[in-house]
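Novice: The structure is given below, and queries will be raised subsequently.
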Amino acid sequence: MTNLVNTNINGDAVGFACEADETLLDALRNRVGLKGVKEGCGTGDCGACSVILDGTLVCSCLVLGMEVEGRTVETVEGLSNGAELHTLQSKFIEHAALQCGICTPGFLMAAKALLKNNPDPSEEEIRYALAGNLCRCTGYDKIVRAVQATAAELREA
Amino acid sequence: MRYEAPLTTPEAVELLASAKGRVHVLAGGTDLIVRMKGGFIEPDVVVDIKRIKDMHVIRKSAAGISIGAATSCGAMGKHSVLKKAWPGVVEAANLIGSDQVQGRCTMAGNLCNASPAADSVPALIAAGAQVLIVGPRGERRLPVEKLATGPGKTSLKKGELVTAIELPPRKVRSADAYLRFTPRTEMDIAVVSAAVNLTIDRKNVITDARVALGAVAIKAIRVPAAEKALIGNTLNEETLAAVAKACSAACKPIDDKRGTVEYRTRVAGVLAKRAAQAAWTRAGGKA
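Line by line, the protein sequences are chains U and A. Taking this note's numbering, I'd label the letters of the first sequence as residues 1 to 157. Taking this note's numbering, I'd label the letters of the second sequence as residues 1 to 287.
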């Protein structure tokens, strides 16, 4: 049974059709066309599909599309202001914190959620906060440095 | 499949009771949706309880602390009153999965999913927690250890759902602790886990204790022999050795890739000792 879901995605009112058993991940990619959300494992282990739902970081593969009726969803597409990149995005590029890039949207959203609650995280806090995001390319050090650099710059701003 | 998101508990009960075919309650979804997508279950109806406001409330009263069934484990970790009263329960709940999972997963779901390795369950058993169950015939309460009957199975009847988990009032000079063993520090499932909740008097003698183990039997178990070893004694080497022995003796684990029978049996004793020490220190015990 197809249902209509009305929600807010990256600040815009969005309506999409959705099957009852369809995940938010599939709905975002296939119905709304937001392909920044990636599927890695589909079981909540890798974090590639991370989005922010009503201010809380979640795996969109573990949310049903129907659940977001009337809610607020933030995806990687909402990070930049037009052509102007978010500090996290600039720092990820500057620190070469990505190689293949599949995990990057998830890391960016997880890092955004972390910095909102904790503007000055320790390295250990960053590593714990990003423990739900897997990267098989970088070895994590560059990602941690990019997040530290972002935190420092945002604190000065 | 049909998706329903009722706004009240009576509506949820009505949906669960009248649903034809396979019906599942959706709380955090961190187990349910994985099982759906993996093809292990094919629900005809899913009843999402997250739109029911009461299900998100953590309430302290003379009767203790009640935690609504849809409260995420992450929200529990941000609740200072709950953390102060039941540090062991909160640390167990907060060990489940990543930040992404913490934002969604619930203790009620952890209980109803009925995995023998569920992190929050031994801590809830040690705490003496009860589940509040609502069904077509009204409300009933059940000690948490009676909810799971085996891997993936609960004693809930058709139309019933857990609406809250109730922790008793915290006594003075009393505390709990939970420890688990996993090969990785994060994102892993307990190979063995242990929870201890104890109360001590002014002379550092343990007057009350509850001990529970996870991942060493078909469900999380309470260990009365270990409780007996604690009560009436102070926490010395002899007491700890008796606790470890009782816990190892209570184990009936499986052999699998994550741990052998022998290993799990041995580690259960070690973890129970350490959990007892942590609870003792938190309760203000001095050697």
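All C-beta atoms, glycine included, are put in the ideal place defined by N, C-alpha and C. Predicted model only: the values in this text are computed from it and were never measured.
1) Is the Cβ-Cβ distance between A/Leu26 and A/Asp48 less than 9 Å?
2) Where does A/Pro143 sit, in a helix, a strand or coil, going by DSSP?
3) Please name the residue or residues paired with U/Cys103 in a DSSP beta bridge.
4) Just reading off the alpha helix (DSSP H) that U/Asp141 is part of, what are its end residues?
5) Can you name, in chain order, every residue of its own chain whose Cβ lies under 8 Å from the Cβ of A/Thr182, other than the five neighbours on each side?
6) DSSP three-state label for U/Asn81, please.
7) Whose C-alpha, out of U/Cys100, U/Glu94, U/Gln99 and U/His86, is nearest the C-alpha of U/Ala111?
8) Tell me the start and end of each unbroken beta strand (DSSP E) in the stretch 173-226 of chain A that is at least 3 residues and wholly inside, in chain order.
9) The alpha helix (DSSP H) that contains A/Val61, what's its start and end?
10) Shorter than 9 Å from the beta carbon of A/Gln277 to some beta carbon of chain U?
11) So, under 8 Å CB-CB, U/Leu134 and U/Gly40 are touching, yes? Tell me the CB distance rounded to an integer number of Å.
12) CB-CB under 8 Å to U/Gly78, same chain, minus the five flanking residues each way: which ones, in chain order?
13) Between which two residues does the beta strand (DSSP E) carrying U/Glu19 extend?
14) Counting C-beta neighbours from all protein chains within 10 Å, is the total for A/Phe40 16 or more, i.e. buried, or is it exposed?
15) Who are A/Val267's beta bridge partners in DSSP?
16) Which word fits U/Glu22, buried or exposed, when buried means at least 16 other C-beta atoms lie within 10 angstroms of its C-beta?
17) Which residue's Cα is closest to the Cα of A/Arg22: A/Gly38, A/Val34 and A/Met1?
18) Shortest alpha-carbon distance to A/Gln109 belongs to which of A/Thr71, A/Ala123, A/Gly88 and A/His79?
Specialist: Taking the definition as stated:
1) Going by C-beta atoms, A/Leu26 is nearer than 9 Å to A/Asp48.
2) Shown here, A/Pro143 sits in a strand according to DSSP, grouped into three states.
3) Answer is none; U/Cys103 lacks a bridge partner.
4) According to the DSSP assignment, U/Asp141 belongs to the alpha helix (DSSP H) that extends over Asp141 to Glu156.
5) Sequence-distant Cβ neighbours of A/Thr182 in its own chain, meaning closer than 8 Å and more than five residues away, are Asp188, Ile189, Ala190 and Val191.
6) Secondary structure of U/Asn81 (DSSP, three-state): strand.
7) For U/Ala111, the nearest C-alpha among the options comes from U/His86.
8) Complete beta strand (DSSP E) runs here, min 3: 174-181, 192-200 and 206-214.
9) Reading off the sequence, residue 61 of chain A comes out as Ser, not Val. Per DSSP, A/Ser61 lies in no alpha helix (DSSP H); the unbroken beta strand (DSSP E) holding it starts and ends at Ile58 to Ser61.
10) So, not an interface residue.
11) The beta-carbon separation of U/Leu134 and U/Gly40, rounded to 7 Å, stays under the 8 Å limit for a contact.
12) In chain order, Ile9, Asn10 and Gly11 place their CB closer than 8 Å to the CB of U/Gly78, counting only its own chain and leaving out the 5 sequence neighbours on each side.
13) Per DSSP, U/Glu19 is one residue of the beta strand (DSSP E) stretching across Asp12 to Glu19.
14) Answer is exposed; the Cβ neighbour count stays below 16.
15) For A/Val267, which the question treats as bridged, DSSP gives no partner whatsoever.
16) Looking at its Cβ environment, which holds 16 or more other Cβ atoms inside 10 Å, U/Glu22 is buried.
17) Minimum Cα-Cα distance from A/Arg22 among the listed residues A/Gly38, A/Val34 and A/Met1 corresponds to A/Met1.
18) In the sequence as presented, Gln is not what sits at residue 109 of chain A; that position holds Gly. Looking at A/Thr71, A/Ala123, A/Gly88 and A/His79, the one whose alpha-carbon comes closest to that of A/Gly109 is A/Thr71.
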